[in-house]
Ligand SMILES: Cc1cc2nc3c(=O)[nH]c(=O)nc-3n(C[C@H](O)[C@H](O)[C@H](O)COP(=O)(O)OP(=O)(O)OC[C@H]3O[C@@H](n4cnc5c(N)ncnc54)[C@H](O)[C@@H]3O)c2cc1C
Ligand SMILES: Nc1ncnc2c1ncn2[C@@H]1O[C@H](COP(=O)(O)O)[C@@H](O)[C@H]1O
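Chains as they are written, first to last, in this note's numbering: chain V, 1 to 243; chain B, 1001 to 1321.
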């Protein structure tokens, strides 16, 4: 069982987001970067599946050198090898083509991603890779069990879930509660240092969108603390006009 | 050239997020002059179709195949691509949703299109085609240009008022060839609460947190939700503890909501929870701790015990109605 897990390198969920260079760049001062929380679920499930079936886990990131500590962390959590496609992830389409190109090089039984990256929140790369490779893509997946060459999944939909059966290989965008996040232990951290982290050049690929200027939301007005339920109901009715 | 809007149904009813998508396309067409074609798949109640004309559709197509009542991703993508070509479209508009995202991404490849998700406004067409989208889970926006000829826009909920003054349009039935291969991922069962307001679609959300102590105390949340015809939400620990189903969990790792009113009861307001509610137009916080961080993100707040306040609030709203 060979599993490819695609991970993003994103600001920690508690980060205050700011921009610089005339609002054209993320201000990285003081920002801590982590494995995307949904990618972390994908990786955690991959580690569990490997415990069941053996095989190898490859983690992949399309990014510049700064993302290597994040890949090392994925190795510490339990991936066997890491690949960094040395390119700035210009847009989802560019990233999807890079992932598809790597996926074609080795036959993976399963490609796991997060349901969405928490920086651009597209939730798009898995479907694009699926279409490029001609494989089913299923997202957001909250449960994934293997049964021989098939898998049984639960996909979250608005107000419930769908249960799905699909043959390997396929692509899944993962979310909780597919697995519990794994924290690297000492042994993992030590062994991660000697695991292979390969840096490869990007394949030729086009972009279809172009990011221009960033903007922060308008600051919120001061909260009105009210003393009674009746006062609240009046405000909701007459001021907010939502009742 | 024209615009194609893909709409979704839930238990036979057209989703309000889809009516927003049609209204968005109608507003876009006022700028560009493109015709607004709408495609619906699966079973949709007869009485529901007339909302599409009112929302701004110029032509409506229906693929009635019952297999499309559920979210067979590849099948939906396959049909949309065919209809996109048939109506000579260059722009596809759909609502951001579990199915919308999944099909839009496959279509970006099929249609050679530039795709932007989480769109929050109409495009600026003066210099190319530039749309604003929400990023960093609602913490920021970015202007994004789509130079590609074909474009796909996945619209974030609550960014476009639903238009209701359009003309009635008749529905044209289409039969589309669906190869077996698009059903490779087979849906074996669907589990869904019926008759409930869908959380991401809801106009009002009543949400409870760990401060409510246990699932046995959810009766009052349900009571309040009922008088408001609201959807129910919760914080992550509440769904982690199994007090409420996972699909009710709001936040960074859960559902992102954008109602006109979000009522947060006994939720502290951790930044990851706020990430799921920052699209709300009005936020009410009920918390016994005056220092709870949620108050900083709220429009209205009451400091006090939820077990005392919520039943009173339910009664007061009942009295009003
Ligand atoms: C990567 C990551 C992702 C996360 N994603 C999410 C997410 O998507 N959604 C999410 O919700 N959380 C998420 N979290 C968890 C988040 O950090 C908080 O732990 C969580 O939101 C806290 O939930 P809570 O407010 O219900 O509980 P608590 O923090 O325990 O707060 C309970 C609140 O209830 C109040 N209270 C207690 N009793 C009463 C009473 N009788 N009347 C009125 N008020 C009362 C207390 O004053 C307190 O403010 C995430 C965390 C991480 C690290
Ligand atoms: N630069 C990247 N490198 C590797 N994987 C990525 C990258 N960007 C996105 N992905 C994967 O695609 C998923 C969906 O991303 P997105 O479409 O950007 O929301 C993420 O959760 C990752 O698993």
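Note that the Cβ used here is the ideal one computed from N, Cα and C, for glycine as well.
The structure presented is a predicted model; accordingly, all values stated were derived computationally and were not measured.
Residue i - DSSP class collapsed to helix/strand/coil
i	result
residue 67 (chain V)	helix
residue 1271 (chain B)	helix
residue 1134 (chain B)	strand
residue 1314 (chain B)	helix
residue 1142 (chain B)	strand
residue 33 (chain V)	strand
residue 1294 (chain B)	helix
residue 1147 (chain B)	coil
residue 1182 (chain B)	helix
residue 1161 (chain B)	coil
residue 1200 (chain B)	helix
residue 3 (chain V)	strand
residue 1002 (chain B)	strand
residue 1033 (chain B)	coil
residue 1168 (chain B)	coil
residue 10 (chain V)	strand
residue 1191 (chain B)	strand
residue 1126 (chain B)	coil
residue 1321 (chain B)	coil
residue 1010 (chain B)	strand
residue 61 (chain V)	strand
residue 56 (chain V)	strand
residue 1224 (chain B)	helix
residue 1309 (chain B)	helix
Spatial distance of residue i from residue j (CA atoms)
i	j	result
residue 86 (chain V)	residue 199 (chain V)	6 Å
residue 1267 (chain B)	residue 23 (chain V)	33 Å
residue 1014 (chain B)	residue 12 (chain V)	37 Å
residue 205 (chain V)	residue 1217 (chain B)	54 Å
residue 57 (chain V)	residue 1232 (chain B)	39 Å
residue 1295 (chain B)	residue 1255 (chain B)	21 Å
residue 65 (chain V)	residue 1240 (chain B)	36 Å
residue 1105 (chain B)	residue 142 (chain V)	19 Å
residue 1169 (chain B)	residue 1163 (chain B)	14 Å
residue 1006 (chain B)	residue 1209 (chain B)	36 Å
residue 1190 (chain B)	residue 190 (chain V)	45 Å
residue 1074 (chain B)	residue 91 (chain V)	23 Å
residue 1280 (chain B)	residue 1156 (chain B)	12 Å
residue 243 (chain V)	residue 236 (chain V)	6 Å
residue 161 (chain V)	residue 1071 (chain B)	10 Å
residue 1077 (chain B)	residue 1258 (chain B)	26 Å
residue 6 (chain V)	residue 82 (chain V)	10 Å
residue 277 (chain V)	residue 50 (chain V)	The first residue shown for chain V is 1 and the last is 243, placing residue 277 (chain V) beyond what the model contains.
residue 1248 (chain B)	residue 1287 (chain B)	20 Å
residue 1251 (chain B)	residue 1173 (chain B)	40 Å
residue 1188 (chain B)	residue 1047 (chain B)	29 Å
residue 186 (chain V)	residue 1245 (chain B)	35 Å
residue 1196 (chain B)	residue 159 (chain V)	8 Å
residue 1010 (chain B)	residue 1102 (chain B)	17 Å
residue 1213 (chain B)	residue 238 (chain V)	33 Å
residue 1008 (chain B)	residue 1035 (chain B)	20 Å
residue 150 (chain V)	residue 167 (chain V)	4 Å
Burial state of residue i (16 or more Cβ within 10 Å)
i	result
residue 1243 (chain B)	buried
residue 181 (chain V)	exposed
residue 218 (chain V)	exposed
residue 14 (chain V)	exposed
residue 128 (chain V)	buried
residue 1127 (chain B)	exposed
residue 194 (chain V)	exposed
residue 155 (chain V)	buried
residue 88 (chain V)	exposed
residue 1125 (chain B)	exposed
residue 1319 (chain B)	exposed
residue 121 (chain V)	buried
residue 1253 (chain B)	buried
residue 1001 (chain B)	exposed
residue 1151 (chain B)	buried
* Entirely within the region 65 to 140 of chain V and at least 4 residues each: give me those alpha helix (DSSP H) ranges in chain order. => Runs of the alpha helix (DSSP H) inside the region 65 to 140 of chain V: 68 to 77, 92 to 105 and 125 to 133.
* Asked: Taking the runs of the alpha helix (DSSP H) that are 4 residues or longer, which of them lie wholly in the region 1226 to 1292 of chain B?
  -> 1236 to 1240 and 1271 to 1274
* Asked: Near ligand 1, which residues have their beta-carbon less than 5 Å from any of its heavy atoms, given in chain order?
  -> V:13, V:37, B:1209, B:1210, B:1211, B:1235, B:1236, B:1237, B:1251, B:1252, B:1253, B:1254, B:1266, B:1267, B:1268, B:1270, B:1272, B:1273, B:1287, B:1288, B:1289, B:1292, B:1305 and B:1306
* Segments of 3+ residues assigned as beta strand (DSSP E) that fall wholly inside the region 1036 to 1121 of chain B -> DSSP runs (the beta strand (DSSP E)) wholly in the region 1036 to 1121 of chain B: 1059 to 1063, 1089 to 1095 and 1113 to 1119.
* Which runs of the alpha helix (DSSP H), 4 residues or longer, sit entirely within the region 194 to 242 of chain V? -> 229 to 238
* Which runs of the alpha helix (DSSP H), 4 residues or longer, sit entirely within the region 142 to 197 of chain V? -> 186 to 192
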